Amino acid sequence: MESNTNNGRKRKSAESKEYRSKLSKAKENASQFTEESKTGKIKRILIRNFMCHDALEVTLNPNVNFIIGRNGSGKSAILTALTVGLGARANITSRGASVKNFIKKGKNSATIEVSLFNNGSMAYKPDIYGDSITIFRSIGTTSSYKIKNWRGEVVSTKQNELANILQAMNIQIDNPISILNQDISRTFLVSSRPEEKYELFMKATLLNVIGNNYKEAELTCEQEYEKLKQYNKILADARKEIEELKKSIERAEGIDKFRDEVVDLEKELVWAVAIAEERKLGKFEHVLKKCEDNFKQLQDTGSSAKSKDEEINKKIQELEEEIESAEKEVNNNSETYNKARQEYSIKKNEHSTKIREWRSVQSKVKRLEDDISALRKEIHRLESADNAEQSERNQIKQQLANLEQKLDETEALLRTKQTYQMHLETDKMRLLKEIQTSRIEINNCQKRIEKIRLDINARKKYSDNTLTVFGRNIPRLLRRIEEEYSNGHFKEKPRGPLGAYIKMKDSAWAPAVEHFLGASTFSTFCVDNSRDAKVLNTIMKEIYLNERTPQIICSKFYNTVHDVHAHCTRSSHYPNLLDAMDISDPVVANCLIDQREVECILLIPSSKEAAEIMSKASKVPQNCKRAFTQRGDTFYPDPQYRSYGGPRSLKARFLQVSITDTINALEEEVHIIDNEKDSAIALYKTISEKEKRISTELGGVRTEVTKLHAIQNQYKASINDLKDKIEAYETISVTVFKNELSELEKKLHEEKFEESNLNASILQLQKAVESLEEEVKHHRELRQNLNSKINPLKENIKELQDEKEALHAQSRHATKKLQVAHQALQQATVEFEQQQRCTEKAVTDATNRCDRIDTIRSINELERLSKDVKHKILEIERMFGTIEELRKELKEKEAKCGKDIHLISKIEKSYQAHIKRLEFRKKLFTDMKHTYGKKIQNSFSNILALRNKNGTVNIDHARKILELEVHSSNDSNKSINDARSLSGGERSYSTVAFILALWECTGLPFYFLDEFDVFMDKVNRRIIMDILLDHTKMHPQSQFTFLTPLDTSNVLAEDYVTIHKLAPPERGS
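Using our numbering, the first residue of the sequence shown is number 5, and each one after it goes up by one.
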């Protein structure tokens, strides 16, 4: 045991000697540092109205500074001011979330000035800033920076310039090892966990930044690899398209064969046209020859007919001369014959007339004799049967009276039944109308229920969409409007439904406002112009089908609400409707102003107040046109004062109503309508039963009326028969017959006298007629002898004239035929010449096209074949495009594909190089972590050796923990794995040793350590103070500042060390 102790002492002595030799060497080298070592060190800190300080200026030693002050004196405020003044965020300080929180209580702003040394080769823009840079930061309502040079002139106000200065001077303001505030100090000195130590190690060495950069590079590499895969896929698709294009070109090259076939067919077609024209020419030539022959034949026929006509005329003239001589002889006897025949005709007519008159008189006499005989018989009959007929007449009159009485009774009963029938029919018609009304009401209730249930289902389906309150189709309609607007079919995007833009400032008014404006207003849409209205109407019809579409208002859109100040109504106690609404869109507000005059409508809570104000013109506010209450009662102002009551129960359906409330309201409405439907069904059944009962009763009444009508008609017929009999009896009288008999006998005597006179006249006329007849017969015989000679001659003339007329008709027909033949010949000649020219042109065109082709195929067949081949060409071109376009597209795609291959090749090479660089940097990063670990391990061991301790720093990068193992050099086998199990002083010592090791590995221009010694005993504190001062002497290139509330009387103030004492804090009484 004694030997072990001695060995430990020797080892400690050796290590201490090594460390002290380094220290002495560092002291010797410290004198060699020039002004270059001051670059980036803090020269001065000046703060005003910052945290607990009104004004504080601290001028720091470029080497070592101690800031001493009691708790609350503002030591940490200096660190916070330094951090914030150099551009750090407030949360890094762990003292507040915002820099405004650092302004002293009762002040509006605070300022921080931090001056930095800017000496040596590492100086930042020395020609501009000189040997000193001052950063001035003002904190108030806004935060600003001013960066000044050594003369105090402002060079820049940009934060980027500050970042450049800090980077050039290697000032890491957010590195906790550079400024270790009291919160971090307490954490590491008292209860530091391995994870927190590892985090401090990574931040202090900036390995966390390098690691994050590596991860970002790795992520970028992965993203670029994904892009590379996409490019390869696109390239594969492009190659596939190129292959398909090549195949299409091969197929399209087959078009040339079809094109050659089209050319051959077109050549054959032109010769087919020429051959067809030649055939037509042959036909026209045949027709021309036929017309010429016919014309010549008709000319010959005309000349022969002329000579024959002359011969007929000569014969007729000879016959007429013979007839003329015979007629002279007949004319001499003609006058006597005519006179006798005329007289004979007169007498014969007179004789015939008298015979007709005689016969008429004879017939009248016969009729009169018959009538007289009949009258005499009737008079004899009436005189024998007069008494029996009188009794029969009396009996008929009695029957007539009885039947008329029964007829009156029947007609009275019939009128009663008809009146009853009319009432029943009226009741039936009324009931049928009520039944129809009930059916309509039942159907309407059913339709309303179905529509509301559709609305409920739609609202439940789109329960997350508040717009379904305005109708189940509104979300679909708005989507379609958005699509059409994005496609540019609307000049201005339609606004709607209007209710979606309206909110009541006081929700209690929502039901009354809905009642006043009307339910349709809230689902209405507003458009800017009539064209937009037509487009919107088409969309609505597409969505709503047979349902009623929302109303569309066409009104010019303005981006500002109309100025209605001049003509709106104002009241000190009541708002107008426009002011009571919160309308989110000026277009909707303008629409309501234009359409409903909402600025002139007053809202008065109660009917009593409304009646009192609106009924007196003196109390009515200016421009008020109407007012309504929360119950929906409407009032019109005096002098046309009137009021209308609102519905019994008002509920809001649109304004500030949730989907759940709407669904509940709709379900309640369904229940109400169901009740209405049940009532309507019950009423329908009652009315139907009553109608059936009345129909049955009406049928019975109609049967009775029909029977009564039959009885009435029967009575009327019997009465008419009896009246006819009575009238017949009264018209038959013996006296009448006797008077008539005497008149007939008188007429008979007159007619017989007339008959005897006519008989004598007839005998005289008969003798005269007979003598004249003999005379006429004698003259007729003489004429007949002459006519027998003349008539054959006339017949011969007539035959010759007929022959001549036939010859003339034939000649006229021939002349017409000759004219027609001449016209036909001219027409045939013209057509032949035209066809000859067409044929010559067709043959010339065909010869110019190619040599003669004697085709047998028709023009239609060739055109059809050509059309089919051209159609095939078009099909191929439509399927594959023209061969020129395909070749051009292939060339473009091959060129693009070549570029893409080159680009992808470059990207792939770049990616592989990047992967190699990444792997190399990953190895460097790993080596750097191990190097830093070894360096920290060596520094940590050297510092612990001063307390006769051995220690190791175990860094597990995979688990991200750092553990300090400390054990006594006297007992190396017994280790303490967790430094927190040491005593408070020893734990602080080991943690400070770890911090110094981190300082050893970083080369920052300044380090600040706050409250590092508050948990140490005096011995450990003295040792640590010595170690810290020794460390500062070994690293004169950096500036060190220690903040402590404890006494530092053992530290001597000299040029190398400056001690700053802060005044004790002011305590409230």
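Backbone N, C-alpha and C define an ideal beta-carbon position, used for all residues, glycine too.
As the structure is a prediction and not an experimental result, all values here were calculated from the model.
Shown here for Ile677: same chain residues with a beta carbon closer than 8 Å to its own, the five before and five after excluded, namely Cys449, Arg452, Ile453, Ile456 in chain order. Between the alpha carbons of Val88 and Asn65 lies a distance of about 21 Å. Contact between Gly937 and Ile905 does not hold, since their C-beta atoms are separated by about 47 Å, which reaches or exceeds 8 Å. The DSSP assignment places no complete run of the beta strand (DSSP E) inside the stretch 343-382 (cut-off: 3 residues). Annotated as distal: Glu774 and Lys368, with beta-carbon spacing of 8 Å or more. Secondary structure at Gln1043: strand, using DSSP grouped into helix, strand and coil.
At the C-beta level, Arg141 and Tyr149 come within 8 Å of one another.
Going by DSSP, Gly89 is part of the alpha helix (DSSP H) stretching over 79-89. Across the structure, Gln830 and Ile877 are spaced so that their CA atoms are roughly 49 Å apart. Taking the C-beta atoms as reference points, Asp637 is found nearer than 8 Å to Tyr648. Non-local C-beta neighbours of Ala828 in its own chain, meaning closer than 6 Å and more than five positions away in sequence, comprise Cys295, ordered along the chain. Here the C-alpha atom of Ile175 lies approximately 33 Å from the C-alpha atom of Arg951.
In the three-state reduction of the DSSP assignment, Met1020 falls in the coil class, being assigned neither a helical nor a strand state. Taking the C-beta atoms as reference points, Leu1008 is found nearer than 8 Å to Ser1042.
Judged by their CB atoms, Thr833 and Leu302 are not nearer to each other than the 8 Å cut-off.
In the DSSP annotation of this structure, Ile72 is not part of any alpha helix (DSSP H); the continuous beta strand (DSSP E) holding it starts and ends at 68-72.
In this structure, the CA atom of Arg480 is about 13 Å from the CA atom of Gly500. Pairwise C-beta distances place the stretch 623-637 out of contact with the stretch 583-598, as fewer than three of them are shorter than 8 Å. Boundaries of the beta strand (DSSP E) around Cys558: 556-558. A straight line joining the alpha-carbon of Ile376 with that of Glu744 spans about 9 Å.
DSSP, reduced to helix, strand and coil, places Ser588 outside both helices and strands of the structure shown, so it counts as coil. Excluding sequence positions up to five before and after Val565, its CB lies within less than 7 Å of the CB of Pro590, Ala593, Asn594, all in the same chain and listed in chain order.
Inter-residue distance for Arg816 and Asp806 is about 15 Å (C-alpha atoms, whole angstroms). The three-state secondary structure of Ser148, taken from DSSP, is strand.
Shown here, Phe658 sits in coil according to DSSP, grouped into three states, outside any helix or strand.
In the structure shown, Asn946 falls within a helical segment according to DSSP collapsed to helix, strand and coil. In this structure Gln186 is buried. Its beta-carbon is surrounded by 16 or more other beta-carbon atoms within 10 angstroms.
Rounded to whole angstroms, the separation of the alpha carbons of Ser972 and Glu923 is 42 Å. The closest CA to that of Leu767, considering only Lys358, Ala167, Ile685, is found on Lys358. The beta carbon of Leu687 lies closer than 7 Å to those of Ser442 in the same chain, with the five residues before and after it left out.
DSSP, read as helix, strand or coil, puts Ser914 in helix. Distances from the CA of Pro796 to each of Ile320, Ile51, Ser98 were compared; the closest alpha carbon is that of Ile320. Bridge partners of Val674 according to DSSP: none are assigned.
Closest option to Trp275, judged by alpha-carbon separation, among Gly100, Leu170, Arg853, Lys437: Arg853. Two segments are said to touch when three or more pairs of C-beta atoms, one from each, lie closer than 8 Å; by this definition the stretch 88-100 does not touch the stretch 56-76. Inclusion of Tyr915 and Leu232 in the CB contact set at 8 Å is warranted, their separation being smaller than that value.
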